[in-house]
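Letter by letter, the sequence shown follows residues 1 to 270 of UniProt numbering.
For each residue, glycine too, the CB sits at the ideal point set by N, CA and C.
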Amino acid sequence: MRVALGRKYGEGEGGRKFKKLLGEFGELLGAINLGDYIPSLAWLNRVNGLDVKVEKVAKQFDDFLERDAFAAGTDTIYTVSEWTMAELIRHPMILKKVQNEVREIIGNKKYITENDLDKTHNLKAIIKETLHFHPPIPLLVPRKSIQDAKRHGYDIAADTQVIINAWTIARDPTLWDEPEEFQPERFLTSSIYFKGHDFQLIPFGAGRRGCPGISFAITVIELILANPVHNFEWTLPDGATGKDLDMTESTGLSIHRKFPLMAIATPYFG
Numbered sequence: 001m002r003v004a005l006g007r008k009y010g011e012g013e014g015g016r017k018f019k020k021l022l023g024e025f026g027e028l029l030g031a032i033n034l035g036d037y038i039p040s041l042a043w044l045n046r047v048n049g050l051d052v053k054v055e056k057v058a059k060q061f062d063d064f065l066e067r068d069a070f071a072a073g074t075d076t077i078y079t080v081s082e083w084t085m086a087e088l089i090r091h092p093m094i095l096k097k098v099q100n101e102v103r104e105i106i107g108n109k110k111y112i113t114e115n116d117l118d119k120t121h122n123l124k125a126i127i128k129e130t131l132h133f134h135p136p137i138p139l140l141v142p143r144k145s146i147q148d149a150k151r152h153g154y155d156i157a158a159d160t161q162v163i164i165n166a167w168t169i170a171r172d173p174t175l176w177d178e179p180e181e182f183q184p185e186r187f188l189t190s191s192i193y194f195k196g197h198d199f200q201l202i203p204f205g206a207g208r209r210g211c212p213g214i215s216f217a218i219t220v221i222e223l224i225l226a227n228p229v230h231n232f233e234w235t236l237p238d239g240a241t242g243k244d245l246d247m248t249e250s251t252g253l254s255i256h257r258k259f260p261l262m263a264i265a266t267p268y269f270g
């Protein structure tokens, strides 16, 4: 929040209001809108109150957007970071491996810096696998076809709204080996990248309309994860193990954890 809006919108009243508004905004974007699928039924949005809710939130949002707030970026960074920590706690061997890597790179320093990130091969692979296994935005920003087309036996008329399901692509067994398993090692020897050139992994979209903040977001996520992984040992409360961790996804514009991650951080003095 502070990155986008400064101290005024950090943990103060402005920040809390903006976080609440972001939540409402995400819920509305993730709500079922029949008009998106059957245009002739768009009038139902006026009956069920969806149009009124959208107009109300949009009006409140305008003031924040005029201050250069990047809602998608802040939400994505938070979502990916939380899912990554959850998967690391769920897979202790993977956690220990990345801890050893980061601690060796940092040495006697207290914190990792941006200059160190190029050496964090395991950390980068883990983040890639999180983007693959838990794409933060399951349905990418809608596009429109510019001409009539035919795909897989379906006729798609010009000016049809097209929604890309990044979540389903990431779980496609014809594109991925064991897509239902969290396996960061698949990216240690793979050239597949998430910047839009490899269409089996497009968490940020692709082409000229892909997310412009990819590099910034990934750098922030790497720093967010590397330092707590280095400075703490991580366990679950009440003696629970990774197998006990509920990994249920929520619904909405972005896929958050249904239940917030609760973990115990024990300082590391190695």
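Test item: CB-CB of residue i and residue j under 8 Å
i	j	result
ARG203	ALA263	Before going on, a small fix: residue 203 reads as Pro here, not Arg. No. Outside cutoff.
LEU188	HIS121	yes
GLU27	LEU123	no
ALA125	PRO184	yes
Cβ-based neighbour list, residue i, same chain, cut-off 7 Å, excluding 5 preceding and 5 following
i	result
THR160	LYS144 and SER145
SER190	none
Distance, residue j Cα to residue i Cα
i	j	result
ALA233	GLU101	What sits at residue 233 in the sequence shown is Glu, not Ala. Between GLU233 and GLU101, the C-alpha separation is close to 14 Å.
GLN99	VAL52	49 Å
MET85	GLY153	42 Å
ALA206	GLY270	43 Å
GLU129	ASP238	28 Å
GLU16	GLU87	The sequence given here has Arg at residue 16, not Glu. Cα to Cα, ARG16 sits roughly 28 Å from GLU87.
MET93	GLY210	34 Å
PRO260	ALA158	42 Å
ARG46	LEU140	25 Å
LYS195	THR235	33 Å
ASP68	LYS258	Unreliable positioning characterises ASP68 in this predicted model, as indicated by a pLDDT of 46, which lies under 50. A coordinate reading is not provided.
PRO212	ASP75	15 Å
Whole-Å CB distance - residue i paired with residue j, under 8 Å assumed
i	j	result
PHE79	SER254	The question names Phe, but residue 79 in the sequence shown is Thr. With 8 Å as the limit, THR79 and SER254 qualify as a contact, their Cβ atoms being about 5 Å apart.
TYR268	ASN231	6 Å
Same chain, Cβ closer than 8 Å to residue i, five either side skipped, listed in chain order
i	result
ILE156	SER145, ASP148, ALA149, LYS150 and VAL162
ILE127	VAL80, THR84, ILE218, ILE221, GLU222 and LEU225
GLN200	ILE169, ALA170, ASP172, LEU175, TRP176 and ILE192
VAL229	LEU88, LEU95, VAL98, GLN99, VAL102 and LEU123
LYS243	ARG90
Close beta carbons around residue i, own chain, < 6 Å, minus the five adjacent residues each side
i	result
LYS119	ILE105
LEU245	ARG90
VAL54	LEU28
SER250	HIS256 and LYS258
Three or more C-beta pairs closer than 8 Å, one from the segment 126-144 and one from the segment 164-182: is that the case here?
yes
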